[in-house]
Every structure is written in structure tokens, then in C-alpha cells.
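Throughout the sequence shown, residue numbering follows this note's numbering, covering 45 to 349 in sequence.
Even glycine gets a Cβ: it sits at the ideal position worked out from N, Cα and C.
Owing to the predicted nature of the structure, the values given are computational and were not obtained by experimental measurement.
So the structure is just underneath, and the comments pick up after that.
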Amino acid sequence: MLAFLLRRLAVALSVVLTVSVIAFLLLHLSGDLATDLAGPEASPEQVAQVRAEYGLDQPLAVQYGHWLAGAVRFDFGQSFYFRESVASLVGGRILITLKLGAIALGLALLFAIPLGALAAVKRGSWFDRATLAFCALGQAVPTFWLGLTLIIIFSVNLRWLPVSGNATWSHYVLPSVALGWYAIPAVMRLTRNGMLDVMASDYIRTARAKGLRPKTVIFKHALRNAVVPVVALAAVQFGFMLGGSIVVEAVFSMQGLGQLAWEAIGRKDFPVVQAIVMLLATIYILLTFLADILNAWLDPRIRVA
45 MLAFLLRRLA
55 VALSVVLTVS
65 VIAFLLLHLS
75 GDLATDLAGP
85 EASPEQVAQV
95 RAEYGLDQPL
105 AVQYGHWLAG
115 AVRFDFGQSF
125 YFRESVASLV
135 GGRILITLKL
145 GAIALGLALL
155 FAIPLGALAA
165 VKRGSWFDRA
175 TLAFCALGQA
185 VPTFWLGLTL
195 IIIFSVNLRW
205 LPVSGNATWS
215 HYVLPSVALG
225 WYAIPAVMRL
235 TRNGMLDVMA
245 SDYIRTARAK
255 GLRPKTVIFK
265 HALRNAVVPV
275 VALAAVQFGF
285 MLGGSIVVEA
295 VFSMQGLGQL
305 AWEAIGRKDF
315 PVVQAIVMLL
325 ATIYILLTFL
335 ADILNAWLDP
345 RIRVA
């Protein structure tokens, strides 16, 4: 198990480092930052002054080295636009996005796993066909369209829930449904397929031959093994949700990390964009790492794969 953990940790760290290099190069090669910061009316002397002030006159390798040394200490520099520490700026928004993503993932798992398992048990029935149709429909609906539709129905017409903001728990209901909607079909389909494979295995036939009750066979013996791949998928979906929160937070005017990323990209505030990219990538890689560990605990055969 220790060798497995060390291998996975080395892979995770190498991926984080690779993402940091790619994100840094893409942002700094997308245009002349000094010219953008100085403005279109700036003289060459003013552009040169801005370039020297932010260290943009140094080679890219040196700039990356300085950024990486600061990032290790959670110092991501100063925001070009907001004129404050990037770490404090991002830290003040990340909890909103994490809360939104956690609620959305919880809703998705709460609906998708039972429905997927029930569809497998009732394979070929109208319920199974309706579940498959829902999966196709769910992945075809754009998140922003669903968010606007929810606002029109539940906020504008029925007046049950607030339109925008993140002040109370009620503000998270509609954004969580819009964000979690996209994950439901994937989790449901994977649960259904996993249950079908497990239900056709020899040990399930043996359990039935022993006279165990159907509920015991399904929930105690089949469902645990069927949800093993769902654990890894849930981690991946949570990472997608954090990235997809940019659209949802913009639709519902939530002041989370996604909204901050949207503003920073529009204002070419690259230190903020770089920090958000690295933060979301690190969370995604960390979740994948934890999912690997959990899967190895549930299925020891994975440790030697």
C-alpha cells in the first residue's frame, strides 16, 4: 500500500508542476502584459516602466522561478486590477465556490446512485428506459440555459427562492441544481452499468442460491462493489463542477471563485487568473489522488495495477 501511495503522490506532484508551467506560459505568451497594463495611450517610456515594475523585463524562466517560489509559500503576488494580495482575494472567494460544488455534488449523488441502481435491478422495464432517456436529455441541456430557466420558474414566477447572491442557504439551491444537473447522468449511467456487471457475477448468483433476501443481495453485496468506479467519477465531477462554477456563478451573480475568474480574465489580471487555475487544478488532482486511495482500500487488486 505504501508503494502505491508513493507512486500516486509522485504522479500527482508531477501533474501539478506541469499544469503550473503550461498555465504560466499560456498566460504570458498571449500578449504583451506591460502594454495592456499601461493602456493604449501610454508612451514607450511608460510601458518600459510598467515592465520593470512588475518584473516583466526578465526572462520567462526567471519570472516562472520567482512565481513558483512564491506559490510554494502561498504568495501569488499582487492583483494588477484589485491592488491587493492575490492570496487574500482568492481566499475570500474559494469557500463560496467549494460550498456550491459540495452541495451540487451531494445532490447529484443523492439522486443518481439510487436511480442508477434501481434501473439496473429493473433492467428492460419502462423505468430503465426512462432513466436512459433522462441521461441523454440531462447531458444535452446547457448549464446556463437550465440556470436561467430555474430563475424564471422558481424566482420570477413562483417567488420561492432568491434570484441572485450568496447571503443565505436559500441562495445556493438553484445554483446547486443547475451545477449538479450535468453530473447526474454520468453518475447514474455508471452506477447502472456497474450494478449490471456485479449482478451477473458468480458471487451474486451464489448469494442468491443461499436464499438471501433480494434487498440483502442488492444493498449489501452488489451496491458496494458497483459504486467503486463512482468514487473516482465523483472526484472528477467535483473538479468539473469547480470549473463549471464560472458559468453558474455568473448566471446567479454569486461572488465566488468562478465570478472572480470571469472578472480577472476580462481585465487581464493574470496573477489572479494564474492563482485560480493552479488552485482549481490542485484541488482536482488532490481529489483524484484521494479517490485512488479510497478505491485501493475498497478493491485491493488496484494496489498492484
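Proximity below 8 Å, CB of residue i to CB of residue j
{"i": "residue 120", "j": "residue 315", "result": "yes"}
{"i": "residue 285", "j": "residue 145", "result": "yes"}
{"i": "residue 105", "j": "residue 91", "result": "no"}
{"i": "residue 126", "j": "residue 133", "result": "yes"}
{"i": "residue 359", "j": "residue 275", "result": "Lying outside 45 to 349, the shown extent of the chain, residue 359 is not represented and no answer is given."}
{"i": "residue 187", "j": "residue 288", "result": "yes"}
{"i": "residue 321", "j": "residue 308", "result": "no"}
{"i": "residue 182", "j": "residue 228", "result": "yes"}
{"i": "residue 369", "j": "residue 225", "result": "Because the chain is modelled from 45 through 349, residue 369 falls outside the range shown and cannot be assessed."}
{"i": "residue 141", "j": "residue 159", "result": "no"}
{"i": "residue 137", "j": "residue 304", "result": "yes"}
{"i": "residue 107", "j": "residue 99", "result": "yes"}
{"i": "residue 64", "j": "residue 139", "result": "no"}
{"i": "residue 230", "j": "residue 162", "result": "no"}
{"i": "residue 216", "j": "residue 147", "result": "yes"}
{"i": "residue 51", "j": "residue 333", "result": "no"}
{"i": "residue 335", "j": "residue 45", "result": "no"}
Range of the contiguous alpha helix (DSSP H) that encloses residue i
{"i": "residue 109", "result": "104 to 116"}
{"i": "residue 219", "result": "217 to 225"}
{"i": "residue 80", "result": "77 to 82"}
{"i": "residue 143", "result": "130 to 165"}
{"i": "residue 92", "result": "88 to 97"}
{"i": "residue 66", "result": "46 to 72"}
{"i": "residue 205", "result": "No alpha helix (DSSP H) holds residue 205; DSSP gives it neither H nor E."}
{"i": "residue 309", "result": "301 to 310"}
{"i": "residue 187", "result": "187 to 194"}
{"i": "residue 182", "result": "170 to 184"}
Beta carbon proximity, residue i to chain C, threshold 8 Å
{"i": "residue 99", "result": "Among the chains of the structure shown, chain C does not appear; only one protein chain is present."}
Beta-carbon separation (whole angstroms), residue i vs residue j, contact threshold 8 Å
{"i": "residue 156", "j": "residue 62", "result": "32 Å between Cβ atoms; not a contact."}
{"i": "residue 60", "j": "residue 325", "result": "7 Å"}
{"i": "residue 292", "j": "residue 150", "result": "That pair is no contact at about 15 Å."}
{"i": "residue 294", "j": "residue 306", "result": "5 Å"}
Check your understanding: Using 8 Å as the Cβ pair cut-off and three pairs as the minimum, do the region 295 to 306 and the region 237 to 257 touch?
Key -> no
Review point. Counting pairs of beta carbons, one from the region 201 to 213 and one from the region 234 to 244, are three or more of them closer than 8 Å?
Key: no
Review point. What runs of the beta strand (DSSP E), each 3 residues or longer, lie entirely inside the region 249 to 287?
Key: none
**Study point:** Any 3 or more C-beta pairs closer than 8 Å across the region 218 to 225 and the region 165 to 173
**Key:** no
Exercise for review: Evaluate contact between the region 187 to 199 and the region 264 to 274, counting only Cβ atoms and requiring at least three cross-stretch pairs below 8 Å.
Suggested key: no
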